[in-house]
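Residue numbers (our numbering), protein chains in the order written: chain P, 20 to 807; chain H, 1227 to 1493.
Glycine is no exception: its CB is placed at the ideal position from the N, C-alpha and C atoms.
Okay, here's the thing in structure tokens:
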């Protein structure tokens, strides 16, 4: 391993810029003549717009333009789209209601966009927003998921008369029913997967800029995938053809999925820039982020597991209602279907699975992918029901899992996925050891002496990452292919620029991608620059989400590097006057086998560009290669997390005492960055389990619209984590990488809830398990324990 | 934020006259509530009268059996004051746990008492310790000062200049923070002076800070956490929200009172 190559715990190159305030985020960018946009948002969850009176607002100081849905219609600007088609059981396509960037006749959630004011200053834009008078006819809202599809419920979109977007299923119903018919024991659960609000540190922002000389647009935006944004804005929304629209996603301060999607605000800014004739900037404030960023999760599920007399799992039936909010966000439809149901087999050998999912409209913010996207929801179902099944059968939860683990690979589940490799027993063994499971009862007694209830909870998760290959996702309804592109440009003195279609918004690509180059070309990472996030520089790419940048994005770079090395060998052969077959490349030097003749990588690069030693007829000058990489399968990271906690029954406060995580991420490029991803993921997962929960009242008002009420996990809520890994390299990409970005957020919630219910003597509890909720459950459980 | 005028008086008298002169004006102390409220366009005073440059409003001194703290004294200065730590450690401890470091370095004791947020910490200390609120016009006993959520005995144009705390024989504050905001969801300040025991509760009630008579009676008999076993306060007028219903807050009052007593006893 070289000092900066694969496997080295290199400090992040980008951090100096970030921690010294030199990052260039969208809001740091200012264009000459820039104006400011402010949006009028709906105060009602559900209303028809009878009339909009703009006269007072238009007369307000500094106002340059006020635009509404009528202006969008007049300019034939298309609506926002959902790019993944889901078909219902009966074969009918999902019912996607129109999603205009500014409301056309109706508003469907609090925060929905009605009009934009463009003014000389932000304060003037906000003043004018307050002077717009809208005459609403307020309609009854649909807020509760279980009420939404009942007959007589208010209709949100005319295309979906019962508010049902789709009624989808996966698996073999007859086989599953057969498994239950012969079951010795059936375990049943009802679960709610709570709605979360992403809360990236940087709120969304956009600057639209129009160059009338070239009739070309530039959009600066907080995007995880600028090329997809350009594609949608160009091909579907119709802002401009792709060669007339440049999308730049500069430094982006966190996304967690919420910045994948193409939203109303950036659409409006880029469109308005031409109408106003000046750049238009919008920076969301935190309240807007709470109201109108796509939320995550929000499932209600009933699940049943069939077991034989020895505790082997025979079958699983799952019925889920998924809240999709008021409109279908960009990838919302696939999250509770193809990103969810195929993961319900978990790490287990389950012969028969049948899953039914209803996608449902409500008068709430749109719901889409959020760190883990479908996989945390699946893991919560399977890891909760497995835990309860073990308890009902009186079996140790760790050993019950082990008994049911998949042990031979490849393993075809009944729900699409073909697990390529893994060793689930190995991670369980290591986790039990690190967590000192054998002495848990001793620690529980110690806690009891102090009046505290101690519990332990397991989560053996699996996820499907590196979302791809294109043919597979296409067959499941995706409107795009899911591959990645890369271009490696070697400069004449041997420094390297790598253009990637992945996008870094916290993941550290400038470091890890450079480590791959360092490893392959034998140069230091300081000689490598990673270029991303600009459609004028990088030809195309699918962006970063679903833990795909290592497995897919770096594999594309790896493929391009192979081509660079192959060509450099040809150049070196000319320069060293040897035959190409005799050239060896090792540790950054090209040498002629069996001689002391050699050239450094940089010297060969220079030879490629001066091209004195070879005729351009035989070999093209220059050293630059590109590659598109489409993998052969998803990747399947897996692992075991163990949470041990104490509950204070007097207050309901839960304190996590120990956290053990043993993950199999395949090969690891930078262990320090991977640890950071695991830490952050666990924090987010613990956040979902103990603290976070979006709450709408019966009128559809968001109660948790600020940090006064929406509780984020903080550093002092978490213990020091014990983290380790096991390794089965991924066979479906050249680097053997599985991905690590979402693991913690997927694994953590069931580990926490299993530990709480263990501490409480199996009394069930909903997420977030707030002090109040735990106190209430503890009251019941203390009475129960006292009675025993 | 809406536009407003800004005034910077040098004396309390000038501040009073500015307040009088500008209709809908507001005193600016630490600004830790007022400024965020203005930024969200939820408050629009015509003018701010900044007390930050009024001479003599900040400082801590021991006067006989009292600790006297100037209205513009920052929470961080109360927390780190050697005088407070020696003679009224419960108050230093309370100040050290208000908000976050930024809030503690800007927020002031006078601002907190004038605002009387139902979840603020200082009102509990002032009421339990039987403090005297000293203004430019008069002295007000804490028992008369707090008159419900965001309501005080302060009259138009009245400015807090000092707060005088009698030193107790034993005292402690135990706070249960709201998980999201970390304001007090229930904060209980217990103070014993001679045979007199006072227990003040913040965060719990729709009527703001209040004295918990049943807890005081139980502790008067014996100043011991065990005395509070089975003793509860009436929670009918308590706050109920997504973080805690009235009965949960009612439970927390007794639990936090017990913890405050243990803390006061150095346990």
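Query                                                                                                                                                                            : Result
What does residue 575 of chain P pair with, by DSSP beta-bridge criteria?                                                                                                        : DSSP output for residue 575 of chain P lists no bridge partner at all.
I believe residue 324 of chain P touches residue 206 of chain P by the beta-carbon criterion, under 8 Å. Please report the beta-carbon distance rounded to the nearest angstrom. : 5 Å
Out of curiosity, what's the CA-to-CA distance linking residue 1402 of chain H and residue 1478 of chain H?                                                                      : 8 Å
Closer than 8 Å is the cut-off here; do at least three beta carbon pairs connect the region 414-427 of chain P with the region 436-456 of chain P?                               : yes
According to DSSP, what are the bridge partners of residue 134 of chain P?                                                                                                       : P:59 and P:87
So residue 1232 of chain H is in the beta strand (DSSP E); what residue range does that whole segment cover?                                                                     : 1231-1233
Do you know how far the Cα of residue 1319 of chain H is from the Cα of residue 1391 of chain H?                                                                                 : 15 Å
DSSP beta-bridge partners for residue 174 of chain P?                                                                                                                            : DSSP, once it has assigned bridges, lists no residue as partnering residue 174 of chain P.
With DSSP collapsed to three states, give me the class of residue 278 of chain P.                                                                                                : coil
Just checking: is the beta-carbon of residue 789 of chain P within a distance shorter than 9 Å of some beta-carbon in chain H?                                                   : yes
Checking 9 Å against the spacing of the C-beta atoms, do residue 1313 of chain H and residue 1288 of chain H come in under that value?                                           : yes
Any idea if residue 1291 of chain H is buried or exposed, counting beta-carbon neighbours within 10 angstroms, 16 or more meaning buried?                                        : exposed
Taking residue 1402 of chain H as the query, report the chain P residues whose CB atoms sit under 7 Å from its CB, ordered along the chain.                                      : 670
Taking Cβ-Cβ distances shorter than 7 Å, what residues in chain H pair up with residue 727 of chain P?                                                                           : 1406 and 1407
Can you grab the Cα-Cα spacing for the pair residue 63 of chain P / residue 380 of chain P, in whole Å?                                                                          : 16 Å
Against chain H, which members of the region 702-717 of chain P pass a CB distance test of less than 7 Å?                                                                        : 710 and 714
Ignoring anything shorter than 3 residues, give me the beta strand (DSSP E) runs that lie fully in the region 631-717 of chain P, in order along the chain.                      : 643-648, 657-667 and 672-683
For residue 618 of chain P versus residue 585 of chain P, is the C-beta spacing smaller than 9 Å?                                                                                : no
Listing by chain order, which chain H residues have their CB less than 8 Å from the CB of residue 722 of chain P?                                                                : 1468
Among P:716, P:780, P:725 and P:735, whose alpha-carbon lies nearest the alpha-carbon of residue 162 of chain P?                                                                 : P:716
Going by C-alpha distance, which of P:191, P:615 and P:606 is nearest residue 373 of chain P?                                                                                    : P:191
Residue 781 of chain P by DSSP, collapsed to three states: which one?                                                                                                            : coil
Looking at residue 224 of chain P: is its Cβ nearer than 9 Å to the Cβ of residue 300 of chain P?                                                                                : yes
Closer than 9 Å, Cβ to any Cβ of chain B: which residues of the region 1227-1259 of chain H, in chain order?                                                                     : Here the protein chains are P and H, and chain B is not one of them.
Given that residue 1474 of chain H touches chain P, what residues does it touch there, using C-beta distances under 7 Å?                                                         : 791 and 794
Note the first and the last residue of the continuous beta strand (DSSP E) segment covering residue 506 of chain P.                                                              : 503-509
Within the region 461-489 of chain P, note down every full beta strand (DSSP E) run reaching 3 residues or more, in order along the chain.                                       : 472-481
Assuming residue 292 of chain P contacts residue 99 of chain P (C-beta within less than 8 Å), just tell me the rounded distance between them.                                    : Wrong, their Cβ atoms sit about 18 Å apart, outside the cutoff.
Check this for me: beta carbons of residue 128 of chain P and residue 345 of chain P, under 9 Å apart or not?                                                                    : yes
Starting from the Cα of residue 1276 of chain H, find the closest Cα among H:1300, H:1234 and H:1238 and give me that residue.                                                   : H:1234
Rounded to the nearest angstrom, what separates residue 113 of chain P and residue 84 of chain P at their Cα positions?                                                          : 37 Å
Considering only C-alpha positions, which residue in the set P:351, P:469 and P:629 is nearest to residue 638 of chain P?                                                        : P:629
Buried or exposed for residue 423 of chain P, please, with buried defined as at least 16 other CB atoms from any protein chain shown within 10 angstroms of its CB.              : buried
Quick one: does residue 145 of chain P have its CB under 9 Å from some CB of chain H?                                                                                            : yes
Please list the terminal residues of the continuous beta strand (DSSP E) segment that includes residue 114 of chain P.                                                           : Segment: none, residue 114 of chain P is in no beta strand (DSSP E) and carries neither H nor E.
Mind the definition here: the region 589-606 of chain P touches the region 769-788 of chain P only if three or more C-beta pairs lie below 8 Å; say whether that holds.          : no
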